[in-house]
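Q:
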DNA sequence: CAGTGGTCTAGACCACAGT
DNA sequence: CTGTGGTCTAGACCACTGC
């Protein structure tokens, strides 16, 4: 019953917005032959159902819904389009990956807000120079011997002490990124110690140690930085910090800071891919126009 | 049978590499009670099966396989781990998203090569200055009136003529990106016409027109560019150019070029997220160390 | 032809939010 | 409690590759 991948039969307008419960032109019951054969075109439609569904749903949420609205639940949608729930979910997965939908367990599926543009640059990181410290929030600090991979990335021998600061980036009240800033001991050698002025009495927490390190590094003269961006997934601890389930797609930004012709620090930042658009403004000459999402398809 | 999400029972070493067909310590047949209950910890393992599987498989391909090797097929793996194929596929989906696996229909699942670092900058784009033209290959050209979104992105009135060049980026013999470079008519007004020297006799194709436009734009003095990077999926035509199925995750790079304090062009490049690591080398001071993938988890 | 990954189905139960 | 999305199962057929 209804096996070959063919065209979906859909109403033309008002696909989702209370257009009657269940499919208006189709009653529950055994599928009929016309469902699959229809007019005559079988080979001309190699597109899988879930992709057609995604396109239909995308148009629907663009025209019939607005940000924050909940769309009909999965079982309802699956019934309306005469597909299995798993197939419908495949379409929703795509739209969630594109940042167009947000799914909340126990609540429903919502139309996502447009991605927020987050500026990625040394100035915005609150280090060094610390002009906009509020963008990043220090949440942890640790010193440990460099493992194999970390040592290689920093260009130091295995076993050297490495200071690591954990920070969170909060934008518009939401945590959008987490970062691990690694600084080898040798890069700190020529920097003066910094003692925290206040609050050192009742025992400084790891956050204070982290802030002290950042203060110290403001003395560093950074004469170069190179970045790379790639797609990754959030593992357990990162997922927790980002308030997302494990496996959530993230944009991993790796930044290498050079000082005196030498690698002084490496920062690995993971941004939530669903809610973030990374912006790199080398110059302030052009204002960043909010990206028109999918106008790249316009030939 | 075996419903609650608990710990998977797995052999400790040599998980995949011909460790005997089917699960060595378990025969086919009805699942026993000890499968799910085991020692005593139920609440302590909230991780879904597919995520545990992903972790196990990740370790396996890191230790037991090398780049290009095929891992056991899905039905075999599903049987070996006593899970449904759909669940096993969820784990493989994750690893494919991370760029660790490549799946080829009719062939099998292969261990992916490390991502290639692609340099993203004006110099490398072959425009303007055209120092390394070979990175991008012009494949199409068109002139059309600007639609609403495109006009907004370019800062020109709707309906203005916009020249669009389609280019492909080929790295190590593989197509890794496609780009649409949009230039409004008004930005070309002050530039001299360029006539192609050779091959203009037998009718110039759209590629030649595209190359002519790029030549013309070399005259442009670019005094600023700003970029943004976000996650997207390849639609039908892009997917075709990238030799991937629709829905493939891509990194969308939007670049705005300013000239004389004005937006002169917008380029939208989509890079295959599975095979690319974008690098932004503002200065050549630091060599980009190949990214150690997941050392960001190291506290 | 046999073997692979890709798609789809129908049904079940779980975890969580709000009542 | 009900309703939502999240996970998992067992099975089927399709599309593609290579022999």
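Protein chains in written order, with the UniProt record's numbering: chain A, 1 to 299; chain B, 1 to 299. Think of the CB as a built atom: it goes at the ideal place given N, C-alpha and C, for glycine as much as any other residue. What you are looking at is a predicted structure, and each value in this text was computed from that prediction instead of being measured.
Between which two residues does the alpha helix (DSSP H) carrying residue 186/A extend?
A: 185-188
Q: So, at 6 Å on beta carbons, what are the nonlocal neighbours of residue 228/A in its own chain, with the 5 sequence-adjacent residues on each side left out?
A: For residue 228/A, where only same-chain residues beyond five positions count, the Cβ hits under 6 Å are 254.
Q: Check whether the Cβ atoms of residue 58/B and residue 251/A lie closer than 8 Å to each other.
A: no
Q: Could you give the first and the last residue of the continuous beta strand (DSSP E) run that contains residue 172/A?
A: Looking at the DSSP string, residue 172/A is not in any beta strand (DSSP E), and its letter there is neither H nor E.
Q: Cβ atoms of residue 98/A and residue 233/B: under 8 Å apart, would you say?
A: The answer is yes: Cβ separation under 8 Å.
Q: Are there 16 or more other CB atoms within 10 angstroms of the CB of residue 269/A, so buried, or fewer, so exposed?
A: Buried.
Q: Any idea what DSSP makes of residue 107/A, helix, strand or coil?
A: coil
Q: Under 8 Å Cβ to Cβ from residue 279/B, same chain only, skipping five residues before and after it: list those, please.
A: Closer than 8 Å at the Cβ level, and outside the excluded window around residue 279/B, lie 117, 118, 119, 120 and 288.
Q: Cα-Cα, which of 183/A, 178/A, 259/A and 249/A is closest to residue 142/A?
A: 183/A
Q: Excluding five sequence neighbours on each side, which residues of the same chain lie with their C-beta closer than 7 Å to the C-beta of residue 157/B?
A: 151
Q: State the DSSP-derived secondary structure class of residue 266/A, mapped to helix, strand or coil.
A: strand
Q: Going by DSSP, what residue range makes up the beta strand (DSSP E) through residue 118/A?
A: 116-119
Q: Taking 8 Å as the CB-CB cut-off, is residue 228/A touching chain B?
A: yes
Q: Is residue 49/A closer than 8 Å to residue 102/A when the C-beta atoms are compared?
A: Taking the C-beta atoms as reference points, residue 49/A is found no nearer than 8 Å to residue 102/A.
Q: Helix, strand or coil for residue 35/A? Go by DSSP, reduced to three states.
A: Reliability fails at residue 35/A, whose pLDDT of 35 lies under 50, so the model's placement of it is uncertain and no value is given.
Q: Can you say whether residue 274/B is buried or exposed, counting buried as having 16 or more other CB atoms within 10 angstroms of its CB?
A: buried
Q: Examine chain A for any beta-carbon lying closer than 8 Å to the beta-carbon of residue 246/B, and answer yes or no.
A: Chain A contact via Cβ: present.
Q: Please check if any C-beta of chain B sits within less than 8 Å of the C-beta of residue 298/A.
A: Confidence at residue 298/A is low in this model, with a pLDDT of 42, below 50, so its placement is unreliable and the value that follows should be read with caution. Chain B contact via Cβ: present.
Q: What whole-angstrom Cβ distance do residue 178/B and residue 225/B have, given they're in contact under 8 Å?
A: About 19 Å; that fails the 8 Å criterion.
Q: Report the CB separation of residue 272/A from residue 241/A in whole angstroms; it is logged as a contact under 8 Å.
A: Not confirmed; about 10 Å, so no contact.
Q: Excluding the five sequence neighbours on either side, which residues of its own chain have a C-beta within less than 6 Å of the C-beta of residue 181/B, listed in chain order?
A: 165 and 267
Q: Less than 8 Å separating the beta-carbons of residue 169/A and residue 146/A?
A: no
Q: Is there a C-beta anywhere in chain B that falls below 8 Å from the one on residue 279/A?
A: yes
Q: Could you give the first and the last residue of the continuous alpha helix (DSSP H) run that contains residue 94/A?
A: 85-97
Q: Which of the three DSSP states, helix, strand or coil, is assigned to residue 240/A?
A: helix
Q: Can you tell me whether DSSP reads residue 69/A as helix, strand or coil?
A: coil
Q: Listing by chain order, which chain B residues have their CB less than 7 Å from the CB of residue 233/A?
A: The answer, in chain order, is 94, 97 and 98.
Q: From which residue to which residue does the beta strand (DSSP E) around residue 220/A run?
A: It is not in any beta strand (DSSP E) - residue 220/A carries neither H nor E in the DSSP assignment.
Q: Under a Cβ-count criterion, where at least 16 other Cβ atoms within 10 Å of its own Cβ denotes burial, should residue 246/A be classed as buried or exposed?
A: buried
Q: How many Å lie between residue 81/B and residue 104/A at the Cα?
A: 30 Å
Q: Tell me which residues share the same chain as residue 159/A and place their Cβ nearer than 8 Å to its Cβ, disregarding the 5 neighbours each side in the sequence.
A: Cβ neighbours of residue 159/A beyond the five flanking positions: 145, 146 and 151.
Q: What residues in its chain sit with their C-beta under 7 Å from that of residue 171/A, if we drop five residues either side in the sequence?
A: 116 and 118
Q: Please tell me whether residue 60/A has its Cβ less than 8 Å away from any Cβ of chain B.
A: At a cut-off of 8 Å between C-beta atoms, residue 60/A does not count as an interface residue with respect to chain B.
Q: What does the Cβ neighbour count give for residue 113/A, buried or exposed, with the cut at 16 atoms within 10 Å?
A: exposed
Q: I want to see whether chain A comes within less than 8 Å of residue 200/B, judged by CB atoms only; does it?
A: Confidence at residue 200/B is low in this model, with a pLDDT of 46, below 50, so the placement of that residue is unreliable and no value is reported for it.
Q: Is the shortest distance between the beta-carbon of residue 136/A and the beta-carbons of chain B less than 8 Å?
A: no
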